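A.B. asks: Using our numbering, read the sequence shown as starting at 550 and increasing by one per residue. I have a structure here, written as structure tokens, and I will follow up with some questions on it.
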Amino acid sequence: MATDHATRPNGAFPTGDFPAGTRAPGLPASLTPALIERLTAHVSAAPDAARVTTNAPYTGAPLADFRVSAPEDVEAAFARARVAQMSWAATPIAERKRILLRYHDLVLARQDEALDLMQAENGKTRRDAFLEVVDIGIVSRYYARTAARHLGPKRRRGAIPLLTHTTELRHPKGVVAVVSPWNYPLSMAAGDTIAALMAGNAVVQKPDTQTALTALWSMDLMYEAGLPEDVWQMVIGRGSSIGDALMDNADYMMFTGSTATGRRIASDAGKRLIGASLELGGKNAMIVLDDADIEKAAEGAVNACFPSAGQLCVSVERLYVAESVRDAFVAAFVSRTKRLRIGAAYDYGVDVGSLTTPSQLETVTGHVADAVSKGATVLAGGAARPDLGPLFHEPTVLTDVTPGMTVYDHETFGPVVSVYSYRDVDEAVALANSTSYGLNASVWTRDGARGRAVAARVHAGTVNVNEAFAAAWGSIDAPMGGMGDSGLGRRHGAEGILKYTEAQTVAHQRLQGFHPPARISPATWAGLLTGALKVMKAAGLR
Ligand code: NAP
550 MATDHATRPN GAFPTGDFPA GTRAPGLPAS LTPALIERLT AHVSAAPDAA
600 RVTTNAPYTG APLADFRVSA PEDVEAAFAR ARVAQMSWAA TPIAERKRIL
650 LRYHDLVLAR QDEALDLMQA ENGKTRRDAF LEVVDIGIVS RYYARTAARH
700 LGPKRRRGAI PLLTHTTELR HPKGVVAVVS PWNYPLSMAA GDTIAALMAG
750 NAVVQKPDTQ TALTALWSMD LMYEAGLPED VWQMVIGRGS SIGDALMDNA
800 DYMMFTGSTA TGRRIASDAG KRLIGASLEL GGKNAMIVLD DADIEKAAEG
850 AVNACFPSAG QLCVSVERLY VAESVRDAFV AAFVSRTKRL RIGAAYDYGV
900 DVGSLTTPSQ LETVTGHVAD AVSKGATVLA GGAARPDLGP LFHEPTVLTD
950 VTPGMTVYDH ETFGPVVSVY SYRDVDEAVA LANSTSYGLN ASVWTRDGAR
1000 GRAVAARVHA GTVNVNEAFA AAWGSIDAPM GGMGDSGLGR RHGAEGILKY
1050 TEAQTVAHQR LQGFHPPARI SPATWAGLLT GALKVMKAAG LR
């Protein structure tokens, strides 16, 4: 069947020849047609389904061709998942743990294949891709080793001390729908799925089409590690086509993407009364305090603003610098930014890669043009780089940014940061808290206690002191997620796995309950219970 252009993801690539001077390499040798065929065969779709083609951001060349899932394919995937989930939930946690630890080892052993895939599909640098491998190593080890503790039965204080035996149990939700984006194709596709699987759920996932090969690769490795195939399945298609089928069949929805889509998902989940975890957009702030080590803060800002060409939900787009150190900081930051090596290479030699889709490039160039036309000053970068490939854009530092410019309070999701100065810490905190988002933030200072105190005042789900984002993100035992328009629910830690469960309290009442025994009048019984309540309070009981 012909390619279904209606399902071509994220805008059309420039047609015809690629820009003169494009030096981007072809696909790496590891991405053989046989590998791509094996991965695409895992998509739950009819053999004669409509097809969609993705393009490699480095060059615009066609990359992979997928069968597109129809709503009936999504329903069929859920039906298979529902059957498989029953025996998966009955599989001892020790066995689930063995599978996950094998998956961990496979991801590390085959990382070159994963890095090639991520770079080919997303256009990011190898360093940025490697961070996703690290992330999946951390997440899979953590949930393999802690799931039994998080999920195991827990004795709770009973209604009547000694007489009520109360236990909290955790049951899997059933079949979880996971919608994952294109910007961190391995981290986002596998990270949230791992916890759902470990909790005994099956998963039907819709990865973003642009980076579906990486998601399918991850699922393929999990099969190799021992996961029964129907327990984790993937469907491909636009949200407008299969989003309703996903929502209508899911027992829980794990969504990562924009705030606009997140609101729609939340509303639909509300109508069905199912839970949803929403990891959404941000406009993250970094505060440089007046006592910060300027060189370290400037280096930290580079790491905060330009990973994956700024297409990172926790990357920084607003820099607030104390007036007294502003000039020194800006000089150090701008000179580092100008030295960054931009380009396409399947090795570790490049600092900043490509944007991923034509629509991303359009947004980034649009935000910069809007700011410049309204009086912003470009301190570094500022332009697209078609000489490097169709979707490259320079890391860009702006100043003189004012309200009314799009970039002031809208997420760019690209390599563009605005620098502002502030007079005192109260003003810095107020500015950092001045958008409707609240995902991630970063504070720089030589005084750790001061940094942590300022961090606690910032309206964001994660705040890093003297780090950009990796300290909080990598603190896997602690929750990660957004406040305000940045989301609902958390990944990582206990919350990241318990959200995929139904809590059940089983209370076994022995001997005597709250009703009066046969020979005691209700009034006497009320008096006895009142006395007992007073004793329990006086004894310091909870
Ligand atoms: P998006 O437009 O919201 O799309 C995200 C995914 O949702 C896409 O695969 C999209 O598929 C799908 N989708 C759209 N409508 C749907 C529906 N009704 N039901 C089910 N799925 C539906 O977001 P994006 O622009 O691709 O991703 C970038 C955004 O994600 C940024 O705002 C970024 O900050 C955010 N993000 C947040 C985190 C976090 O952890 N907080 C992490 C990464 C990214 P189609 O496009 O094919 O329709």
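We treat Cβ as the ideally placed atom computed from N, Cα and C, and that holds for glycine. Remember, it's a predicted structure, so these values are computed and weren't measured experimentally.
Using CA atoms only, rank isn't needed, just tell me which of SER736, ALA1075, SER1035, ALA1052 is closest to PHE679.
C.D. replies: Taking the sequence shown and counting its residues from 1, one reaches residue 679 at position 130. The option with the nearest alpha carbon to PHE679 is SER736.
A.B. asks: CB ASP817 to CB MET835, shorter than 8 Å?
C.D. replies: Within the sequence shown, the letter at position 268 stands for residue 817. Within the sequence shown, the letter at position 286 stands for residue 835. No; because the gap between Cβ atoms is not below 8 Å, this pair is not in contact.
A.B. asks: Go through the segment 855-923 residue by residue and report every complete run of the beta strand (DSSP E) that reaches 3 residues or more, in order.
C.D. replies: 865-871
A.B. asks: Report whether the distance from the Cβ of ARG787 to the nearest heavy atom of the ligand NAP is below 7 Å.
C.D. replies: Stepping through the sequence shown from its first residue, residue 787 is reached at position 238. Checking the Cβ of ARG787 against the ligand NAP gives yes.
A.B. asks: Which of helix, strand or coil does DSSP assign to PRO582?
C.D. replies: Locating residue 582 in the sequence shown gives position 33, where the first residue counts as 1. Taken through DSSP and simplified to helix, strand or coil, PRO582 comes out as helix.
A.B. asks: Using DSSP with H/G/I as helix, E/B as strand and the rest coil, what is THR571?
C.D. replies: In the sequence shown, counting from the first residue as 1, residue 571 sits at position 22. In this prediction, THR571 has a pLDDT of 43, which is less than 50 and means its spatial position is unreliable; nothing more can be read from the coordinates.
A.B. asks: Measure from the alpha carbon of ASP958 to the alpha carbon of each residue in PRO596, ALA613, LEU980, then state which is nearest.
C.D. replies: For this step, residue 958 is matched to residue 409 along the sequence shown. When only C-alpha atoms are compared, the closest one is LEU980.
A.B. asks: Excluding five sequence neighbours on each side, which residues of the same chain lie with their C-beta closer than 7 Å to the C-beta of ASP839?
C.D. replies: The residue labelled residue 839 in the question sits at position 290 within the sequence shown. ALA871, SER873, VAL874, listed in sequence order.
A.B. asks: Provide the residue span of the beta strand (DSSP E) that contains VAL1012, from first to last.
C.D. replies: Indexing the sequence shown from 1 puts residue 1012 at position 463. It spans 1011-1014 - the beta strand (DSSP E) in which VAL1012 sits, taken as one unbroken run.
A.B. asks: In the segment 713-797, which residue ranges form an unbroken alpha helix (DSSP H) of at least 4 residues, counting only runs that do not cross its ends?
C.D. replies: 736-747, 761-774
A.B. asks: Is THR603 helix, strand or coil by DSSP?
C.D. replies: Against the sequence shown, residue 603 aligns to sequence position 54. Reduced to three states, the DSSP call for THR603 is strand.
A.B. asks: On the DSSP bridge list, what partners appear for TRP993?
C.D. replies: The residue labelled residue 993 in the question sits at position 444 within the sequence shown. Paired residues: VAL837.
A.B. asks: Cutting at 7 Å between CB atoms, please list the residues of its own chain near ALA1052, excluding the five before and the five after it.
C.D. replies: Residue 1052 sits at position 503 when you count from the first residue of the sequence shown. Cβ within range, chain order: GLU717, ARG719.
A.B. asks: Judging by CA-CA distance, which residue of SER884, LEU770, GLU848, TYR691 is the nearest neighbour of LEU655?
C.D. replies: Residue mapping note: residue 655 aligns to position 106 of the sequence shown, counting from 1. Looking at SER884, LEU770, GLU848, TYR691, the one whose alpha-carbon comes closest to that of LEU655 is LEU770.
A.B. asks: What are the boundary residues of the alpha helix (DSSP H) that includes LEU1060?
C.D. replies: Along the sequence shown, one-based indexing puts residue 1060 at 511. Here LEU1060 belongs to no alpha helix (DSSP H), and DSSP marks it neither H nor E.
A.B. asks: Take THR715 and list the residues in its own chain whose beta-carbon comes closer than 6 Å to its own, dropping the five residues that flank it on each side.
C.D. replies: Locating residue 715 in the sequence shown gives position 166, where the first residue counts as 1. Within its own chain, the residues whose Cβ lies closer than 6 Å to the Cβ of THR715, once the five positions on either side in sequence are excluded, are ARG705, GLY707, ALA1056, listed in chain order.
A.B. asks: Run the CB neighbour count on TYR897, radius 10 Å, all protein chains shown included, and call it buried at 16 or more, exposed below.
C.D. replies: In the sequence shown, the residue the question calls residue 897 occupies position 348. Looking at its Cβ environment, which holds fewer than 16 other Cβ atoms inside 10 Å, TYR897 is exposed.
A.B. asks: Provide the residue span of the beta strand (DSSP E) that contains LEU988, from first to last.
C.D. replies: By 1-based counting over the sequence shown, the position of residue 988 is 439. No beta strand (DSSP E) holds LEU988; DSSP gives it neither H nor E.
A.B. asks: The alpha helix (DSSP H) that contains LEU700, what's its start and end?
C.D. replies: By 1-based counting over the sequence shown, the position of residue 700 is 151. Here the alpha helix (DSSP H) through LEU700 covers 675-700.
A.B. asks: Keeping to the same chain, check which residues put their C-beta closer than 7 Å to that of ALA815; ignore five residues upstream and five downstream.
C.D. replies: The residue you call residue 815 lines up with position 266 of the sequence shown. Only ALA825, LEU827, LEU1037 meet the Cβ criterion.
A.B. asks: Report the three-state DSSP secondary structure of ALA805 (helix, strand or coil).
C.D. replies: Within the sequence shown, residue 805 is the residue found at index 256, counting from 1. Strictly speaking, residue 805 in this sequence is Thr, with Ala absent from that position. DSSP places THR805 in strand when its eight states are reduced to three.
A.B. asks: Would DSSP call TYR1049 helix, strand or coil?
C.D. replies: Stepping through the sequence shown from its first residue, residue 1049 is reached at position 500. The answer is coil: DSSP assigns TYR1049 none of H, G, I, E or B.
A.B. asks: Pull up the distance between the alpha-carbon of SER579 and that of TYR607, whole angstroms please.
C.D. replies: The residue labelled residue 579 in the question sits at position 30 within the sequence shown. The residue labelled residue 607 in the question sits at position 58 within the sequence shown. Cα-Cα distance, rounded: 17 Å.
A.B. asks: If ASP1108 sits next to GLY931, beta carbons under 8 Å apart, how far is it from one beta carbon to the other, in whole angstroms?
C.D. replies: The requested residue 1108 does not occur in the structure, where the chain is confined to residues 550 to 1091.
A.B. asks: Classify GLU644 as buried or exposed, calling it buried when 16 or more other Cβ atoms lie within 10 Å of its own Cβ.
C.D. replies: Position 95 of the sequence shown, counted from the start, is the residue given in the question as residue 644. It is exposed - the Cβ of GLU644 has fewer than 16 other Cβ atoms within 10 Å.
A.B. asks: For SER816, which three-state DSSP category applies?
C.D. replies: Your numbering for residue 816 matches position 267 in the sequence shown. Of the three classes helix, strand and coil, the one that applies to SER816 here is helix, per DSSP.
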